[in-house]
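Structure, as structure tokens:
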Amino acid sequence: MSEIDRHDEMSGLHSEPFALAVDAMGGDGGPDVVVSGLAIAADRHPGARILLVGDESRLIPLLARYPKAAAICEVRHAASSISMDMKPTAALRVRDSSLRKVMDAVAAGEAAGVVSAGNSGAMLALAKIVVKTLPGISRPAMAAISPSMKGDVVMLDLGANVACDWRNLVEFAVMGEAFAKAVLGLPAPTIGLLNVGAEELKGDEKLRQAAEILRESPLASQFHGFVEGHDITAGTTDVVVTDGFTGNVALKTGEGAMKMASGLFRKVFTSSLPGRVAYFLVRPALERMKDWLDPRRYNGAVFVGLNGVVVKSHGGTDAEGFASAVDVAMDMVTHDFNDGIRSRLLPMASLTANRSNAEPERETVA
Numbered sequence: 078m079s080e081i082d083r084h085d086e087m088s089g090l091h092s093e094p095f096a097l098a099v100d101a102m103g104g105d106g107g108p109d110v111v112v113s114g115l116a117i118a119a120d121r122h123p124g125a126r127i128l129l130v131g132d133e134s135r136l137i138p139l140l141a142r143y144p145k146a147a148a149i150c151e152v153r154h155a156a157s158s159i160s161m162d163m164k165p166t167a168a169l170r171v172r173d174s175s176l177r178k179v180m181d182a183v184a185a186g187e188a189a190g191v192v193s194a195g196n197s198g199a200m201l202a203l204a205k206i207v208v209k210t211l212p213g214i215s216r217p218a219m220a221a222i223s224p225s226m227k228g229d230v231v232m233l234d235l236g237a238n239v240a241c242d243w244r245n246l247v248e249f250a251v252m253g254e255a256f257a258k259a260v261l262g263l264p265a266p267t268i269g270l271l272n273v274g275a276e277e278l279k280g281d282e283k284l285r286q287a288a289e290i291l292r293e294s295p296l297a298s299q300f301h302g303f304v305e306g307h308d309i310t311a312g313t314t315d316v317v318v319t320d321g322f323t324g325n326v327a328l329k330t331g332e333g334a335m336k337m338a339s340g341l342f343r344k345v346f347t348s349s350l351p352g353r354v355a356y357f358l359v360r361p362a363l364e365r366m367k368d369w370l371d372p373r374r375y376n377g378a379v380f381v382g383l384n385g386v387v388v389k390s391h392g393g394t395d396a397e398g399f400a401s402a403v404d405v406a407m408d409m410v411t412h413d414f415n416d417g418i419r420s421r422l423l424p425m426a427s428l429t430a431n432r433s434n435a436e437p438e439r440e441t442v443a
């Protein structure tokens with residue numbers, strides 16, 4: 078009996094599904110980062126069962142080096158992998174890839190969720206085709222956590238849907254609220270629609286229609302109204318909802334601002350003797366700020382609105398960052414994330430059914 082057969086036979090002894098199916102071959106670091114990240118995650122989730130999918134000849138020796146990861150993982154061989162630059166249409170045709178097999182595991186009910194550091198476009202395409210969207214959700218969205226002055230903030234959509242209508246924005250609000258509950262542990266997250274101003278007449282028709290629906294919905298008490306760009310980092314609301322084009326621009330702008338601030342701090346504290354003395358005095362506070370803003374803490378964007386948990390780790394992350402992505406996925410699985418979406422969608426159905434996208438659009442107000 079081969080090693081693969083032994084793993085398959087042992088898997089058959091378990092009646093419960095795997096918590097997660099993990100793509101071992103995705104990302105810049107490949108299996109080395111994934112397995113070392115799972116070793117870190119094993120300390121946080123010792124009872125988890127992970128289906129690790131990839132090249133068995135590389136995974137078995139790695140698991141021997143990381144016994145903590147080996148204790149929670151079972152290996153399933155995949156003959157091929159999806160490269161980071163492969164087009165989504167081409168990725169759909171590679172049926173024996175590690176990314177396809179983790180999606181198949183969720184679709185078949187073998188696993189509750191997926192984690193991969195692989196190709197984002199291929200991941201979304203496979204998720205839509207294989208895992209499929211939840212009933213009542215027209216489009217999945219990409220959500221992620223960002224830091225703010227008041228704590229962590231959930232943002233969506235961050236690029237999965239460049240153009241959206243009011244119905245998509247309402248669905249994003251429902252999914253964002255469920256995400257904040259599951260991952261941030263907030264009992265009643267507040268929600269804001271990103272706009273060019275906070276006044277009710279600002280923005281375009283889709284934003285105003287989405288706001289009207291949310292004010293009439295079961296989320297009315299949690300709906301703050303319109304928020305502006307500065308409200309994201311201020312932490313005005315726990316969830317910020319927008320279309321994928323605007324969300325992606327806001328995300329990349331925020332990342333760039335953080336890099337610029339880091340560079341300016343470095344320049345100030347190294348350019349002169351007084352600066353170096355000042356750095357010595359404020360170093361403990363700067364180290365705390367660095368830990369708080371560490372991008373590895375926020376690694377793990379989520380494709381929400383699917384028939385399973387699908388988490389995308391940054392391709393260039395390290396082991397600690399990959400472990401954070403596993404944390405996000407485990408939180409969502411443990412707290413029945415999709416059940417929260419379903420319970421919110423049911424009372425929304427009658428509200429959205431009475432609206433029509435064919436209504437004439439009013440003038441956009443800046």
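When the letters of the sequence shown are read in order and numbered with our numbering, they come out as residues 78 to 443.
Built from N, CA and C at the ideal position, the CB exists for glycine as well.
Indicate whether P424 and P295 have their beta-carbon atoms separated by less than 8 Å.
Residue numbering aside, residue 424 sits at position 347 when the sequence shown is read from its first letter. Residue numbering aside, residue 295 sits at position 218 when the sequence shown is read from its first letter. With respect to the 8 Å criterion, P424 and P295 are classified as neighbours on the basis of their beta carbons.
Where do the ends of the alpha helix (DSSP H) carrying A116 lie?
Residue 116 sits at position 39 when you count from the first residue of the sequence shown. Start and end: G107 to R121.
Specify the secondary structure class of I214 as computed by DSSP and reduced to three states.
Working through the sequence shown from its first residue, we reach residue 214 at position 137. Coil, per DSSP.
Rounded to the nearest angstrom, what separates D408 and V260 at their Cα positions?
Taking the first residue of the sequence shown as 1, we reach residue 408 at position 331. Taking the first residue of the sequence shown as 1, we reach residue 260 at position 183. Near 6 Å, if we compare the C-alpha coordinates of V260 and D408.
So the alpha helix (DSSP H) S197 belongs to, where does it begin and stop?
To locate residue 197, count along the sequence shown from 1; it is residue 120. S197 to L203 is the span of the alpha helix (DSSP H), which, as asked, contains S197.
Could you please give the first and the last residue of the uninterrupted alpha helix (DSSP H) stretch that includes A402?
To locate residue 402, count along the sequence shown from 1; it is residue 325. Here the alpha helix (DSSP H) through A402 covers A396 to T411.
CB-CB under 7 Å to P94, same chain, minus the five flanking residues each way: which ones, in chain order?
Translated into the one-based positions of the sequence shown, residue 94 becomes position 17. These residues qualify, in order along the chain: G186, E187, A188 and A189.
For S119 and Y143, I'd like the C-alpha separation in whole angstroms.
Walking along the sequence shown from the start, residue 119 turns up at place 42. Walking along the sequence shown from the start, residue 143 turns up at place 66. For clarity, residue 119 is Ala in the given sequence; the question names Ser instead. Using only the alpha carbons, I get a separation of about 10 Å.
Consult DSSP for L128 and reduce its assignment to one of helix, strand or coil.
Position 51 of the sequence shown holds residue 128. Correct three-state label for L128: strand.
From K209 to G306, what distance separates their C-alpha atoms?
Counting from one through the sequence shown, the residue named residue 209 turns up at place 132. Counting from one through the sequence shown, the residue named residue 306 turns up at place 229. About 32 Å.
Cutting at 7 Å between CB atoms, please list the residues of its own chain near F249, excluding the five before and the five after it.
Position 172 of the sequence shown, counting from 1, holds the residue named residue 249. Around F249, the same chain offers A218, L233, D234 and V318 as residues with beta carbons nearer than 7 Å, after the five sequence neighbours per side are excluded.
Just to confirm, is the Cβ distance from A148 to L203 under 8 Å?
Numbered from 1 along the sequence shown, position 71 holds the residue referred to as residue 148. Numbered from 1 along the sequence shown, position 126 holds the residue referred to as residue 203. Not a contact, by the Cβ cut-off of 8 Å.
Expressed to the nearest angstrom, what Euclidean distance is found between the alpha-carbon atoms of A240 and S215?
By one-based count along the sequence shown, residue 240 stands at place 163. By one-based count along the sequence shown, residue 215 stands at place 138. Using only the alpha carbons, I get a separation of about 13 Å.
Can you tell me where the beta strand (DSSP E) holding R153 begins and where it ends?
Locating residue 153 in the sequence shown gives position 76, where the first residue counts as 1. It spans C150 to H154 - the beta strand (DSSP E) in which R153 sits, taken as one unbroken run.
Give me the Cα-Cα distance between T429 and V179, rounded to the nearest whole angstrom.
Within the sequence shown, numbered from 1, the residue matching residue 429 stands at position 352. Within the sequence shown, numbered from 1, the residue matching residue 179 stands at position 102. Cα-Cα distance, rounded: 34 Å.
Just to confirm my understanding: we take S158, look at its own chain, exclude 5 residues before and 5 after, and list those with CB closer than 6 Å. What are they?
Start at 1 with the first residue of the sequence shown, and residue 158 comes out as number 81. If we look at S158 and ignore the five residues flanking it on each side, its Cβ neighbours are M102, S174 and S175.
Looking only at C-alpha atoms, which of V192, G262 and F303 sits nearest to G274?
The sequence position of residue 274 within the sequence shown is 197, counting from 1. Measuring from the Cα of G274, the nearest candidate turns out to be F303.
Near E293, which residues of its chain fall below 7 Å by C-beta distance, leaving aside the five closest residues on each side in sequence?
The residue given as residue 293 occupies position 216 in the sequence shown. Closer than 7 Å at Cβ, skipping near neighbours: L428.
How close, in whole Å, do the beta carbons of G385 and V183 come, if the pair is a contact with beta carbons under 8 Å?
Sequence index remark: in the sequence shown, residue 385 carries index 308 (1-based). Sequence index remark: in the sequence shown, residue 183 carries index 106 (1-based). Confirmed, Cβ separation roughly 4 Å.
How would you label R121, buried or exposed, when you count the other beta carbons within 10 angstroms and need 16 or more for buried?
Counting from 1 along the sequence shown, the entry for residue 121 is found at position 44. When all chains shown are included, R121 counts as exposed.
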